[in-house]
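Heads up: take any position in the sequence shown, counting from 1, add 4, and you land on this note's numbering.
Even for Gly, the Cβ is constructed at its ideal location relative to N, Cα and C.
Please read the structure below before turning to the comments.
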Amino acid sequence: MKIVVIGGSGLVGSKLVAELDKRRRQTVAASPDTGVNTLTGEGLADAVAGASVVVDVSNAPSFEDAAALEFFDTSTRNLLAAEAAAGVRHHVALSVVGTERLTESGYFRAKLAQEELIKRSSIPYSIVRATQFFEFLDRIAADATDGNTVRLPPALIQPMAADDVASALGGIAVGSPVNGIVEIAGPDR
Numbered sequence: 005m006k007i008v009v010i011g012g013s014g015l016v017g018s019k020l021v022a023e024l025d026k027r028r029r030q031t032v033a034a035s036p037d038t039g040v041n042t043l044t045g046e047g048l049a050d051a052v053a054g055a056s057v058v059v060d061v062s063n064a065p066s067f068e069d070a071a072a073l074e075f076f077d078t079s080t081r082n083l084l085a086a087e088a089a090a091g092v093r094h095h096v097a098l099s100v101v102g103t104e105r106l107t108e109s110g111y112f113r114a115k116l117a118q119e120e121l122i123k124r125s126s127i128p129y130s131i132v133r134a135t136q137f138f139e140f141l142d143r144i145a146a147d148a149t150d151g152n153t154v155r156l157p158p159a160l161i162q163p164m165a166a167d168d169v170a171s172a173l174g175g176i177a178v179g180s181p182v183n184g185i186v187e188i189a190g191p192d193r
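So, in structure tokens, the structure goes:
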């Protein structure tokens, strides 16, 4: 079983490639660093040729509303078209828990658009929504800080380690498509 990991050189992608290698799967780490660009389509057909599963853990290079939408719309359309041509049997995509409730954010509207494209495609799929990663907590705290004031929403979070996200994605990738959404979260609120 050949599994292609789009975004395979990033935080979760590199951990997922290692996880799939431990499971003795033929894994291809695809990213602009390896000559695969989902936005332009460069190298995409060759990367997914012969693949049974494609896991998309790529992320928009910008969180600005229009740029995020352009990235997720264009890259997902290109990826799904390449997968259909190659006969891929399972598309797995990483998304975010609560995406459907955070529509005031252009980034989350873009993630919802990505999910809708996947649902409407002919390729069996699994969308994995994860909670925030521990690895990003410093950045979240910094973004919420203004001088000596830290403003946080009155809501609990349930973060998880990127290693655990990769492990869950690995299990889903080697399983049957759920044709729906799976949510994963850290153990503690």
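Compare the beta carbon distance of residue i and residue j with 8 angstroms and say whether it is the shorter of the two.
i: I7; j: V61; result: no
i: T107; j: K115; result: no
i: V132; j: S99; result: yes
i: R155; j: A148; result: yes
i: S79; j: T31; result: no
i: L173; j: L20; result: yes
Check residue i in the structure and name its three-state DSSP category.
i: D60; result: strand
i: L43; result: coil
i: L173; result: helix
i: V132; result: strand
i: F67; result: coil
i: S99; result: strand
i: D150; result: strand
i: V8; result: strand
i: I161; result: coil
i: A166; result: helix
i: E119; result: helix
i: S34; result: Checking the displayed sequence, the identity of residue 34 turns out to be Ala instead of Ser. Strand at A34.
i: E74; result: helix
i: V186; result: strand
Under 6 angstroms Cβ to Cβ from residue i, same chain only, skipping five residues before and after it: list those, please.
i: G47; result: G39, V40
i: F138; result: P163, A165
i: Y111; result: F67, A72
i: S125; result: L84
i: G12; result: V21, A33, A34, S35
Alpha carbon to alpha carbon, how far is residue i from residue j?
i: A33; j: V96; result: 14 angstroms
i: P65; j: A72; result: 7 angstroms
i: N82; j: S171; result: 26 angstroms
i: I127; j: N152; result: 50 angstroms
i: N196; j: D69; result: What the structure shows of the chain is the stretch from 5 to 193, and residue 196 is not part of that stretch, so it cannot be assessed.
i: V9; j: S18; result: 9 angstroms
i: P181; j: V92; result: 12 angstroms
i: H94; j: D150; result: 44 angstroms
i: L121; j: F76; result: 10 angstroms
i: I167; j: A189; result: Checking the sequence, you will find Asp at residue 167 rather than Ile. Roughly 12 angstroms separates the two Cα atoms.
i: Q136; j: P191; result: 12 angstroms
i: K123; j: S109; result: 21 angstroms
Apart from the five residues on each side of it in sequence, which residues of its chain come closer than 7 angstroms, Cβ to Cβ, to residue i?
i: N183; result: P128, Y129
i: I185; result: I131, R133
i: V101; result: R133, A134, T135, E187, A189
i: R29; result: M5, I7, V178
Report all residues from its chain with a CB closer than 8 angstroms to the CB of residue i; omit the five preceding and five following residues, and keep chain order.
i: R193; result: L160, I161, Q162
Say whether chain D places a C-beta atom closer than 8 angstroms to the C-beta of residue i.
i: G184; result: The structure shown contains no chain D; it is built from a single protein chain.
field: contact_flag[the stretch 171–189, the stretch 24–33] where n(CB pairs < 8 angstroms) is 3 or more
entry: Using a Cβ-Cβ distance cut-off of 8 angstroms, the stretch 171–189 and the stretch 24–33 are in contact, since at least three pairs of beta carbons, one from each stretch, lie closer than that value.
query: How about the stretch 37–56 and the stretch 81–88: do they share at least three Cβ pairs that are nearer than 8 angstroms?
result: Yes, the stretch 37–56 touches the stretch 81–88.
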